[in-house]
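Read the structure below first, then the notes.
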Amino acid sequence: MFGTHIPELVIILVIALLIFGPKKLPEMGSSIGKSIKEFRKGMSELSQPKEEKDDEIKVPNAEAQKRELASQSTSNEQLPNLEGNKVVSEASHSEASSPEMSRE
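Numbering of the sequence shown is given in this note's numbering, commencing with residue 304 and proceeding in unit increments.
Here it is in structure tokens:
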């Protein structure tokens, strides 16, 4: 309905040429182009850090899971001996604690 067609654009350009002159018009065009380019660049930078933060959040979680699994496996394999400072494996600890199994 209110679209800008070729005749309207020509009239706008002629008026801009009369107001700003032939020397200023190319400078203004290039500055407007640079402004639009910087605006697009800024908009794309706003979306990129969000994606990078998501990746950074996922990596520590994976490392934390590895540490947790490692600590669980070491805690399952070795139990501290309360009698001394020696560490006893779970199998030898269960044999020592159940006299019925050692008799058979």
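Just so you know, even glycine gets a beta-carbon here, dropped at the ideal spot from N, CA and C.
It should be emphasised that the depicted structure is a prediction, and the values quoted were computed from it without experimental measurement.
message: I believe leucine 312 touches alanine 319 by the beta-carbon criterion, under 8 Å. Please report the beta-carbon distance rounded to the nearest angstrom.
response: To locate residue 312, count along the sequence shown from 1; it is residue 9. To locate residue 319, count along the sequence shown from 1; it is residue 16. So it is not a contact: roughly 10 Å between Cβ atoms.
message: Taking the straight line between their C-alpha atoms, what separation do you get for glutamate 407 and alanine 367?
response: Position 104 of the sequence shown holds residue 407. Position 64 of the sequence shown holds residue 367. Residue placement at glutamate 407 is poorly supported in this model, since its pLDDT is 45, which falls under 50; the coordinates are not used for a value here.
message: Determine whether the beta carbon atoms of methionine 331 and phenylalanine 323 lie at a separation below 8 Å.
response: The residue labelled residue 331 in the question sits at position 28 within the sequence shown. The residue labelled residue 323 in the question sits at position 20 within the sequence shown. Their beta carbons are under 8 Å apart, which means methionine 331 touches phenylalanine 323 by this criterion.
- request: Compute the Euclidean distance between the alpha carbons of serine 347 and serine 338, then round it to the nearest angstrom.
  value: In the sequence shown, counting from the first residue as 1, residue 347 sits at position 44. In the sequence shown, counting from the first residue as 1, residue 338 sits at position 35. Roughly 14 Å separates the two Cα atoms.
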